[in-house]
Each structure stands twice: as C-alpha cells, then as structure tokens.
Amino acid sequence: MRVGRRAAAVVRALWIVAILAFLYVPIVSVVLASLANTRYMRFPHKVWTLDAYRDALGSFTTWQIHSISLSIAVSVVLIATVLGTLGAVAFARYDWRGRSLFQRILVLPIFFPQPVLGLGLLLSFSAVGLAPSWKTAVIGHLVWIVPIVTLVVSIRFFGYDVAQEEAALDLGASRWQVIREITMPQLWPGVFSGMLFAFLLSWSNLPLSIYTSGPDTPLPVWLFTRTATNYSPLVPSVAVIGTAVSALIVIALALVLAAGKAVRRA
Amino acid sequence: MTHSPGPKFALPVAVFLLACFAMPIVIVAWYSLMPPRTFDLGIDLTLANYHTAVTEGYARPLMWSLLGALITTLGTALIAWPSAVILHRHAGRGATVVSVLIALPIFISESVRLFGMNVFLMPRAGILAGSLDWAFGFKIGSILNTWMAALVGMIYIHLPFMLFPLLLGVSLIPQDRIEAARDLGANRWQTFREVELPLAAPGLLIGALLTFVLSLGANAEAAILGGRAVTVITAAIEQRFNYAQDWPMGAALTMVVIIVTAVIVLPVLARLDLNRLTQ
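Structure representation (structure tokens):
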C-alpha cells in the first residue's frame, strides 16, 4: 500500500512536469534559436552569440513594430479600463431588469472565433470607408478585451459589501466621498488586474491584429509573417525582446502600484 | 429596483458592442447577400454566394476546421482532466505556483510560441532533431508541415483555456461524495462517470465551448506548423477577401462560421448562470 501510494505520487508529479515541459519547451526553443548567427537553423549552434540581439536593437524595424504595439496596447488599456469598469458596475453591482441579458450579450465576443471577428471587422471598416491602421486594430482588440476586463473587475465586485456605502452615506459622507474613500480603494485591485489583462492581451494578440491593422505592423503580426515566409535570424531575438518588454512593463506597473500603496500608508 | 442605475452604467459598453460587434455582423450578413464580386452594398439580394459555397468545395475547409476543433477539444480535455484533479487534490501549496506557470504562456504571443514549436520540431537540425543527433547520434524524422503538427500546435495553444475552467469544475466536486461512492462499491470508472463528471460539468462545458470556438477559427497553427497541408476555413475566407477580391463570397463563408458558432454557443450560454461562475 505504501509503495503503491509513493508510486502514484511519482506518476502525478511526472504528469505535471510533462505538462509544464509541453508548455515551456517551445518558449525555451525561441531563446535557444536566438543565440545563433547563421542564416539557417543548425542546432546545436557552432557559435553561441548575442549578435542577433545587437542587430535587432540596431534595426529600425524593431523600434517601429514595438512603438506600434505600444500605441495599440496603451489605447486599449485606457479605453477598456473605463468601459470595463462601468460595465462591471452594471454586471455585478446592481440588480436590474435587463441584467441577465446584458451579462449574456457581454460574453458573446469572448466565445467567438477571433480571426473570423477580425475578417468581419476588416470588411465592415471597408464598407464604412475607414482605412485600416493601428487605430482600427484598437477597435478590433477592444471588442474582445472590453468583455474580459468587465469580467475581471466584476469578480472583485461580487465580494464587495454594498452596506458599507450606505453606512458612509448615513454618517453624512457625500456621494463623491463614498466613491473616493469606499468604492475605489476596494475596487482598485480588480481594476488594476483588468488593466494588466488588457495590456498583455493586446500586446500579444495576433488573430485580430493580422486583419485589422492594415499597413501598420504590430509585433505579433511581424513575427507571424516573418516566420511563415522570409525567415531571418532576427525573428527569434525580436520575439524574445518583445516578450521581455511586456514583462518589464508589467513589473514596472506592479512596482508603481506597490510604491503608491506604501506612500498612502505612510 | 425600478430606479436602479444599472442600465446607465451598462449603456457605454452596450453601445460599443452594438457598434463594433453587432453592426459588423450585420454588414457581413448584408455583403453575403450581394451578387458575386461586387464591392458596394445594394438592395439586390441573392443567395448565389451560399449556393457557390455548397457547390464549389468550401465544405472541405469547413470540415477540416470542425474536425480540428473537435480533436483539439477532446485532446485538451483528456490532458486537462488529470491535471486539474492533481492540482486540486494533491498539489497542496504547489498548486498556486503550477497554476501561475500554466497561465503565463497565455500572455506570450501565439506568434512567439508557435515559432518556438516550429524551431523545436524542425527536421534535421531543429532543436529536437539536432539535440538527439548531437547527444545520441540518432536521426529522427519530423512531423513539421503536416496536419498532425498543426493539431499539436492547436492543443498546445488552447490547453490553458480548457484547464482553468476545468479546475473550477473539479473544485465543485466535494471529496466526501467520491468517498461515499467508493464506500458503496463503485469502481474508479463508475465514480468518474456517475459522480465526478456530472458535478464538474459546468466547468468542463465552459472549457470545451471556449476551446472549440477558439480553435474553429484557428489559422496560425496551420500556417506556421502545418505548412498549409490543409486549408482551414479562415484561410479560405482570407483568400476570397484578399487574392480573389470576392468580398460577397468571403462574407458568405464568414456567415457560415458565425452561424455554426451561434448554434453551438447560444444554447449552452442560455443555461449558464454567470453570477454563480464569477463569484
């Protein structure tokens, strides 16, 4: 019995390790591929080098695709946070007659094939005379990301005690004071998670960008087209740089948040 | 209740979705009823494009996409079920760390991860083949540029979308129910079928729905890993729009996918209680 139990535990641990390997081997492979300087992949590399990173940082294209991705992601974060937070109030804070219908309609874009949504938007933009650019990509991303931000903020709202607001009002606080002193501080972690989701999902999105960004090429679209055709050793290094940039931005935001909290406490 | 401010707060999101989600679907539907190869919306409606879709072999890409989505859904479910059970019941404190590790790749672009899978699987001097040759001296073939590789890619990309809802589902199974079933003489399979599966059904359903719908439109996997060995429906639509410059035909194919999606999603969504799930 004891041996059987030990064996079962080992099998379970191996299963989890296998799943993690499945998920991470391709990511590690990108890093390994970026350390070569040859035109074609010949692994193991004869020479291990960071040349590709130097070339990537020296290339105008790298800066251009990053700045396009950043413009899209920042616009998406700003708009989706406002719309999503308002949406979450309607989704979770109040009970009203159309709420159940609103909730169901809101999740529809999440349960929708993204490339098909992108193609539908592309056709619609042409129909109304809107030339595709990074701005139309923002609209495309928002259709998918606003519902997700709404859900993320809503989760916070379901654990929120409305009675506190009433108590504050009874004690003579103004509506604005209630929002500033009671509602926002408690809702803020949800809103912040929503912002992070919006940023990361926009930064990494391929299927919507590919059809809606027109001549402006964001990072994932550039990587996709260069992988499918016209491969160069720049591809893996730009992939690593792009992923690292998004991780750094998220860490920086988290640090700013933590610092803000510390200042408020002091 | 009568003067609830709910509708006021719902308005911005509702207007946005109406303009940027519902309107485009209406425009696509309208284009799909236009005569072939027109670029303007008019009032001469025709079903010619749908007729062409049926007669000119577009059923094939649709079948590939449906089959791919089905295999992806089953594959991810088979991998995710034991993982969810282990994480929920046995991993203890490690569960959070493992869950975060599983979630992280969602935030790394599909382009990056599929490219990684591509260099890993590359024949001869790819990461896998090259390492094996270098370390043990044996040479292996590669599945890159086959439909099989595209399927592996689809399961790889969509696994987290199945795992997290399923984790939620598995957490809905009370441990004492399982023990009760075992005490009453049920074997492992019976316990799974009669107790665990029905109790975890809401999570499984959402995971399956999400995975199926997302992989139904999947295109990048077939392009980067499958080497276009098969034409999936999204690729067929894109071709109509871009190369053939036949918008109405592309629109008709888009509508077919939207209708298939609606038929699958709407009945399930109508039954789910979204308040309970986010709580």
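Line by line, the protein sequences give chains S and E. Residues 258 to 523 in the numbering used here are what the first sequence spells out, letter by letter. Residues 93 to 371 in the numbering used here are what the second sequence spells out, letter by letter. Cβ coordinates follow ideal geometry from the N, Cα and C atoms, glycine included.
query                                                                                                                                                                         : result
Name the chain E residues that come within less than 8 Å of Gln-371 (chain S), Cβ to Cβ?                                                                                      : Leu-306, Gly-309
Going by other Cβ atoms of all chains shown within 10 Å of its Cβ, with 16 needed for buried, is Glu-422 (chain S) buried or exposed?                                         : buried
Rounded to the nearest angstrom, how far is the Cβ of Ser-470 (chain S) from that of Trp-391 (chain S), given a contact under 8 Å?                                            : 6 Å
Tell me which residue opens and which closes the alpha helix (DSSP H) that Asn-334 (chain E) is part of.                                                                      : 325 to 334
Measuring only between beta-carbons, confirm whether Thr-346 (chain E) sits less than 8 Å from chain S.                                                                       : yes
Please check if any C-beta of chain S sits within less than 8 Å of the C-beta of Ile-351 (chain E).                                                                           : no
Check Leu-271 (chain S) in the structure and name its three-state DSSP category.                                                                                              : helix
Output needed in chain order: residues of the segment 216 to 229 of chain E with a Cβ under 7 Å from some Cβ in chain S.                                                      : Ala-217, Gly-218, Ile-219, Gly-222, Ser-223, Trp-226
Does the distance from the CB of Ala-327 (chain E) to the CB of Ala-310 (chain E) come in under 8 Å?                                                                          : no
Run through DSSP, which three-state label would Gln-337 (chain E) get?                                                                                                        : coil
On a CA-only basis, which of S:Leu-363, S:Val-274, S:Ala-264, S:Ser-316 is nearest Pro-104 (chain E)? Give me that one, please.                                               : S:Leu-363
The alpha helix (DSSP H) that contains Trp-305 (chain S), what's its start and end?                                                                                           : Neither: Trp-305 (chain S) is in no alpha helix (DSSP H) and is coded neither H nor E.
In chain E, which residues lie with their C-beta within 8 Å of the C-beta of Arg-299 (chain S)?                                                                               : Ala-217, Gly-222
So, for Gln-443 (chain S): in the same chain, excluding its five sequence neighbours on each side, which residues have a beta-carbon less than 7 Å away from its beta-carbon? : Tyr-417
Return the residue from the list E:Asn-237, E:Val-204, E:Ile-316, E:Leu-236 that minimises the CA-CA distance to Tyr-281 (chain S).                                           : E:Val-204
At a CB-CB cut-off below 7 Å, which residues of chain S make contact with Ala-343 (chain E)?                                                                                  : Leu-380
Where does the unbroken alpha helix (DSSP H) through His-250 (chain E) begin, and where does it stop?                                                                         : 239 to 262
Go ahead and pull the three-state DSSP assignment for Tyr-142 (chain E).                                                                                                      : helix
Is it right to say Trp-226 (chain E) is buried, meaning 16 or more other beta carbons lie within 10 angstroms of its own, or is it exposed?                                   : exposed
Identify the contact partners of Met-214 (chain E) in chain S, using a Cβ-Cβ distance below 7 Å as the criterion.                                                             : Met-298
Please compile the residues from chain E whose C-beta is within a distance smaller than 8 Å of the C-beta of Ile-329 (chain S).                                               : Within 8 Å Cβ-Cβ: nothing; Ile-329 (chain S) doesn't reach chain E, min ~13 Å.
Which whole-angstrom value is the C-beta distance of Leu-317 (chain E) and Met-209 (chain E), which I expect to be below 8 Å?                                                 : 6 Å
For the segment 240 to 259 of chain E against the segment 351 to 358 of chain E, are there 3 or more C-beta pairs whose distance is under 8 Å?                                : no
Given that a residue counts as buried once 16 or more other Cβ atoms are within 10 Å of its Cβ, and exposed if not, what is Ala-111 (chain E)?                                : exposed
What does Leu-277 (chain S) reach in chain E if we use C-beta pairs closer than 8 Å?                                                                                          : Val-190, Leu-193, Ile-194
So, is Glu-288 (chain E) buried or exposed, given that buried needs 16 or more other C-beta atoms within 10 angstroms?                                                        : buried
Once the 5 residues before and after Pro-99 (chain E) are set aside, which same chain residues still bring their CB inside 8 Å of it?                                         : none
Can you give me the Cβ contacts of Leu-379 (chain S) inside the same chain, cut-off strictly under 7 Å, excluding the 5 residues immediately before and after it?             : Pro-389, Tyr-468, Thr-469
Are there three or more Cβ pairs, one per stretch, closer than 8 Å when the segment 313 to 320 of chain S is compared with the segment 296 to 303 of chain S?                 : no
Between the C-alpha atoms of Val-322 (chain E) and Arg-521 (chain S), what's the straight-line distance to the nearest angstrom?                                              : 58 Å
Would you mind telling me which residues of chain S sit closer than 9 Å to Pro-294 (chain E), beta carbon to beta carbon, in chain order?                                     : The contacting residues do not exist; Pro-294 (chain E) stays about 14 Å from chain S at best.
Quick check on the burial criterion: 16 or more other C-beta atoms within 10 angstroms. Buried or exposed for Gln-371 (chain S)?                                              : buried
Along chain E, which residues have their Cβ under 7 Å away from the Cβ of Ser-286 (chain S)?                                                                                  : Gly-208, Val-211, Phe-212, Ile-219
Using a Cβ-Cβ cut-off of 8 Å, state whether Phe-449 (chain S) counts as contacting chain E.                                                                                   : no
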